[in-house]
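Q: Going down the list, the protein sequences come from chains G and Y. So the number in our numbering is just where the residue sits in the first sequence, counting from 1, plus 15. So the number in our numbering is just where the residue sits in the second sequence, counting from 1, plus 6. Every residue gets a Cβ at the ideal spot worked out from N, C-alpha and C, and that includes glycine. Here it is: the structure, laid out below.
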Amino acid sequence: MGRTIAEKIFDAHRVDHPEKDIHVIRLDAVFCHEITTPVAVNDLVSRGKDRVFDPDKIKVVIDHVSPAKDSKTAIQGKILREWARRHNIRDFFDIGRNGVCHALFPEKGFVRPGYTVIMGDSHTCTHGAFGAFAAGVGTTDLEVGILKGVCAFRSPSTIKIDIAGRLPDGVFAKDVILFIIHRLGVNGATNKILEFTGPVVDAMSMESRMTLCNMAVEAGATSGICNPDMTTVEYLWEFIQDDHADKESALATFENFHSDPDARYDQIIEHDVSRLEPMVTFGYKPDQVKPVKEMASTKVDQIYIGSCTNGRIEDLRVAAQVLKGKKISDSVRGIVSPATPKAFRQAMEEGILKTFMDSGFCVTNPTCGACLGMSNGVLAEGEVCASTTNRNFNGRMGKGGMVHLVSPATAAATAIAGLITNSELYKG
Amino acid sequence: MKNFSGNVLFLDRSDINTDEIIPAKYLTEISKQALKPYLLEDIKLEGFNPQRDVKGKHVIITRANFGCGSSREHAPWALEANDIHLVIAENFARIFRQNMFNCGMIAVELSGQTIDDIFKEFSGKETHLETNFENNAFIITTDGLHKEVSFSISDFDRALVMTGGWVEYADAKY
């Protein structure tokens, strides 16, 4: 019987099998940020277990509220900073070098095909784009990961999502994943892994694959995952070139993890996206999705472009292309937060930041802030935001605020019109 | 072991997410007890007032996909701070469910039909639930009504509840 990529990764990392459906696996990386880690650190200290399993496998960033907005967030940063220092955790990204974790860590080459990764953050599923098993966990799982380098998971039962056809112009990975979540429902993939395959995924950049995998959790999935290919190798090459004779041999190594043709799936869903339209959410659940044109003329107050879903350079380029030479509506405020210092610098060098500023956008530093209503763009009661983030939950971006999830292209077009708008209207 | 019996809080809605259980603005707290007043503050549920309705309740019975969304363990901590250690639902989001057991608390899944029956018979009435952890049974009572429901819980989850959570279990074993 063949195995899926997730099953192969589990088999290569299993350290215990306490019962039929539970696998304790060894971790290749444990990622930490300042919201969920300080409590784990304090708990380890109070238990007399202030140790780390391997300082080189722990990667730390301050990203959720950066710079600190008040004393409480300053203390969270301080706890993390002191902890990283006392355990010689070298990969610690403080302000100036920090970015949104799920955009920053891939850029640093910290995720490789076949790896196992956890973080106290539900969007850790993003890193599955590299052919890794990456899952969000709570603080206690994170704490044990830090202490022992292991984590327990159920058997990696997989739903294969085969994406066929060719993406039309103006339609992006974000539209695809919103459509898939709509099809599966917010509970449709609970305890499952979503394996994305097919020609559309093969043709996607790593950035787009990350957007796809990022929102797997919004269908309840443990993780998203893509089979590694030459695109993966090219993206990682600067970090892995010393380990492989050439790119072909790196690829051959990574292909060992590929799902076998006779692997068993819980479910296989095929969808041809050749006629997919730009999508947008309505309501308070990410599976409440419809085509943008059906929501056209919905008035918005704020546009937000950024986050671990859509704050990468590719996203900024697409939005800038729509905004070039145009002004955003007087009735809206636009906020863009490049997700990493590298994306910020690239956007600066490519003139993208100038385009954003000329159009009337405010450019902020890399941070998660606005996405979860913590800082840098919180909504007031009754306000509406078109956002490139991943959650439209009630109150997510601010109590009483309404969030419509869209692609960067739709967000930019919406900023110009002041109303939810298809980016095709602003083409060329 | 924690206490798993007490008066029941009924939350008659599916997909209650962790932003509703504890809004992100309180994630800057670094003590669990500080979360106590904010439990379910942002929940969208007709007729429900967290300030009035949470007090004195020790068990939650709800519908499907409870705890979806963010991985924040602050959600179970906010329950724990209010002495709620047991949630019964049709099913749970993966991370929330794991967080409950990791903290030595219980998240029990019952069939949609059983949950439906419990809501029909007990919701809106002052209801008490007694957990018999050894025999895998809940005894649910209200004026003139008495119902026994059996549940199952895996050996692994049971071990987590008995040892008080995943940190002690894992540190002893791995």
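At a Cβ cut of 7 Å, what residues of the region 146-166 of chain Y count as close to chain G, listed as they run along the chain?
A: Residues Ser160, Asp161 and Phe162.
Q: Count the other CB atoms within 10 Å of the CB of histidine 152/Y; is the residue buried (16 or more) or exposed (fewer)?
A: Along the second sequence, one-based indexing puts residue 152/Y at 146. Counting Cβ neighbours within 10 Å, histidine 152/Y comes out exposed, since fewer than 16 surround it.
Q: Hey, alanine 21/G and phenylalanine 148/G: beta-carbon distance below 7 Å or not?
A: For the purposes of this step, residue 21/G is identified with residue 6 of the first sequence, where counting begins at 1. For the purposes of this step, residue 148/G is identified with residue 133 of the first sequence, where counting begins at 1. Cβ atoms of alanine 21/G and phenylalanine 148/G: closer than 7 Å.
Q: Of all the CB atoms in chain Y, is at least one closer than 7 Å to the CB of glycine 384/G?
A: By one-based count along the first sequence, residue 384/G stands at place 369. Chain Y, which has no Cβ nearer than 7 Å to the Cβ of glycine 384/G, makes this no.
Q: Within the continuous beta strand (DSSP E) that includes serine 156/Y, where are the two ends?
A: Here the question's residue 156/Y lines up with position 150 in the second sequence. Looking at the DSSP string, the run of the beta strand (DSSP E) that includes serine 156/Y is 151-156.
Q: Residues of chain G with CB under 7 Å from lysine 31/Y, in chain order?
A: Taking the first residue of the second sequence as position 1, residue 31/Y is located at position 25. Going along chain G in sequence order, the residues near lysine 31/Y (Cβ under 7 Å) are Gly388 and Met389.
Q: Say whether chain Y places a C-beta atom closer than 7 Å to the C-beta of isoleucine 50/G.
A: Position 35 of the first sequence holds residue 50/G. Chain Y contact via Cβ: present.
Q: List, in order along the chain, the chain G residues whose C-beta lies closer than 7 Å to that of alanine 99/Y?
A: Here residue 99/Y refers to the residue found at position 93 when the second sequence is read from its first residue. Going along chain G in sequence order, the residues near alanine 99/Y (Cβ under 7 Å) are Thr205 and Gly235.
Q: Any C-beta of chain G within less than 9 Å: which residues of the region 56-71 of chain Y qualify?
A: Within the region 56-71 of chain Y, the residues whose Cβ lies closer than 9 Å to some Cβ of chain G are Ala70 and Asn71, listed in chain order.
Q: Would you say glutamate 96/Y reaches chain G, if we count a Cβ-Cβ gap shorter than 7 Å as a contact?
A: As a working note, residue 96/Y is residue 90 in the second sequence. No, no contact with chain G.
Q: Going along chain G in order, which residues have a C-beta closer than 8 Å to the C-beta of lysine 50/Y?
A: Along the second sequence, one-based indexing puts residue 50/Y at 44. Per Cβ cutoff of 8 Å: Tyr299 and Asn409.
Q: Measuring straight from C-alpha to C-alpha, what distance separates serine 11/Y and valine 114/Y?
A: What you label residue 11/Y is simply residue 5 of the second sequence in a count that begins at 1. What you label residue 114/Y is simply residue 108 of the second sequence in a count that begins at 1. Answer to the nearest angstrom: the Cα atoms are 13 Å apart.
Q: Mind checking who glycine 410/G pairs with in its DSSP beta bridge?
A: The sequence position of residue 410/G within the first sequence is 395, counting from 1. In the DSSP output, where bridge partners are listed per residue, glycine 410/G has none listed.
Q: Quick one: what does DSSP say arginine 41/G is sitting in, helix, strand or coil?
A: The residue labelled residue 41/G in the question sits at position 26 within the first sequence. Arginine 41/G: strand per DSSP, three-state reduction.
Q: Grouping DSSP H, G and I as helix and E and B as strand, with all else coil, what is arginine 66/G?
A: Here residue 66/G corresponds to residue number 51 of the first sequence, with the count starting at 1. Coil, per DSSP.
Q: Can you check which of these residues, Asp109/G, Thr88/G and Glu34/G, is closest to tyrosine 32/Y by C-alpha distance?
A: Residue 32/Y sits at position 26 when you count from the first residue of the second sequence. Comparing Cα-Cα distances from tyrosine 32/Y to each of Asp109/G, Thr88/G and Glu34/G, the minimum goes to Thr88/G.
Q: Suppose the cutoff is 6 Å on Cβ atoms and the five residues either side in sequence are ignored; what does the same chain contact list for aspartate 399/G look like?
A: Within the first sequence, the letter at position 384 stands for residue 399/G. Reading the sequence as shown, one finds valine at residue 399/G and not aspartate. Here the set comprises Val315, Asp316 and Met417.
Q: Starting from leucine 51/Y and walking both ways along the beta strand (DSSP E), at which residues does that stretch end?
A: By 1-based counting over the second sequence, the position of residue 51/Y is 45. No beta strand (DSSP E) holds leucine 51/Y; DSSP gives it neither H nor E.
Q: Write down the C-beta distance between asparagine 103/G and proline 70/G rounded to the nearest angstrom, noting that I regard them as a contact closer than 8 Å.
A: Within the first sequence, numbered from 1, the residue matching residue 103/G stands at position 88. Within the first sequence, numbered from 1, the residue matching residue 70/G stands at position 55. That belief holds up - the Cβ atoms of asparagine 103/G and proline 70/G are roughly 5 Å apart, short of 8 Å.
Q: Curious, which full-length alpha helix (DSSP H) runs of at least 4 residues does the region 91-131 of chain G contain?
A: DSSP runs (the alpha helix (DSSP H)) wholly in the region 91-131 of chain G: 116-122.
Q: Buried or exposed for valine 60/G, going by 16 or more other Cβ atoms inside 10 Å?
A: As a position in the first sequence, residue 60/G is number 45, starting the count at 1. Exposed is the call here.
Q: Short of 7 Å in beta carbon distance, which residues of its chain neighbour glycine 92/G, apart from the five on each side in sequence? Order them along the chain.
A: The residue you call residue 92/G lines up with position 77 of the first sequence. Cβ neighbours of glycine 92/G beyond the five flanking positions: Glu49, Ile77 and Ala83.
Q: Could you say if the region 41-54 of chain Y and the region 430-439 of chain G meet the contact criterion of at least three C-beta pairs nearer than 8 Å?
A: No, the region 41-54 of chain Y is not in contact with the region 430-439 of chain G.
Q: When Cβ atoms are compared, which residues of the region 158-173 of chain G fall closer than 7 Å to chain Y?
A: Per Cβ criterion, the list reads Glu158, Val159, Leu162, Lys163 and Val165.
Q: At 4 residues or longer, and completely inside the region 322-364 of chain G: list those alpha helix (DSSP H) runs for me, N to C.
A: You should have 322-325, 328-338 and 356-364.
Q: Taking the beta strand (DSSP E) that tyrosine 250/G belongs to, which residues open and close that run?
A: For the purposes of this step, residue 250/G is identified with residue 235 of the first sequence, where counting begins at 1. Counting along the chain, tyrosine 250/G falls outside any beta strand (DSSP E), though it belongs to the alpha helix (DSSP H) covering 245-255.
Q: Hey, how far is the Cα of valine 159/G from the Cα of lysine 72/G?
A: As a working note, residue 159/G is residue 144 in the first sequence. As a working note, residue 72/G is residue 57 in the first sequence. Each residue's alpha carbon lies about 14 Å from the other.
Q: Identify whether isoleucine 192/G lies in helix, strand or coil by the three-state DSSP scheme.
A: As a position in the first sequence, residue 192/G is number 177, starting the count at 1. Helix.
Q: Hey, out of Leu199/G, Asp106/G and His79/G, whose CA is closest to histidine 286/G's CA?
A: What you label residue 286/G is simply residue 271 of the first sequence in a count that begins at 1. Here the closest residue by C-alpha is Leu199/G.
Q: Does the beta carbon of tyrosine 44/Y sit closer than 7 Å to a beta carbon anywhere in chain G?
A: Taking the first residue of the second sequence as position 1, residue 44/Y is located at position 38. Tyrosine 44/Y does not count as touching chain G.
Q: To the nearest angstrom, how far is it from the Cα of isoleucine 446/G to the Cα of isoleucine 24/G?
A: Past the edges of chain G, shown from 16 to 443, lies residue 446/G, and the structure says nothing about it.
Q: I need the straight-line Cα distance from arginine 411/G to valine 288/G, nearest angstrom please.
A: Taking the first residue of the first sequence as 1, we reach residue 411/G at position 396. Taking the first residue of the first sequence as 1, we reach residue 288/G at position 273. C-alpha separation (whole angstroms): 29 Å.
Q: Exposed or buried, what is proline 128/G when buried is set at 16 or more other beta-carbons lying within 10 Å of its beta-carbon?
A: Here residue 128/G is taken as the residue at index 113 of the first sequence, counted from 1. Result: buried.
Q: Closest to aspartate 14/G by C-alpha separation, out of Ala236/G, Pro423/G, Asn380/G and Thr173/G, would be which residue?
A: Residue 14/G lies beyond the stretch modelled for chain G, which goes from 16 to 443, so this question has no answer here.
Q: Classify glycine 185/G: buried if its beta carbon has 16 or more other beta carbons within 10 angstroms, exposed otherwise.
A: For the purposes of this step, residue 185/G is taken as residue 170 along the first sequence, with counting starting at 1. So glycine 185/G counts as buried.
Q: Pick out whichever of Val30/G, Asn407/G and Met230/G has its Cα sitting closest to the Cα of glutamate 26/Y.
A: Mapped onto the second sequence, residue 26/Y falls at position 20. Comparing Cα-Cα distances from glutamate 26/Y to each of Val30/G, Asn407/G and Met230/G, the minimum goes to Asn407/G.
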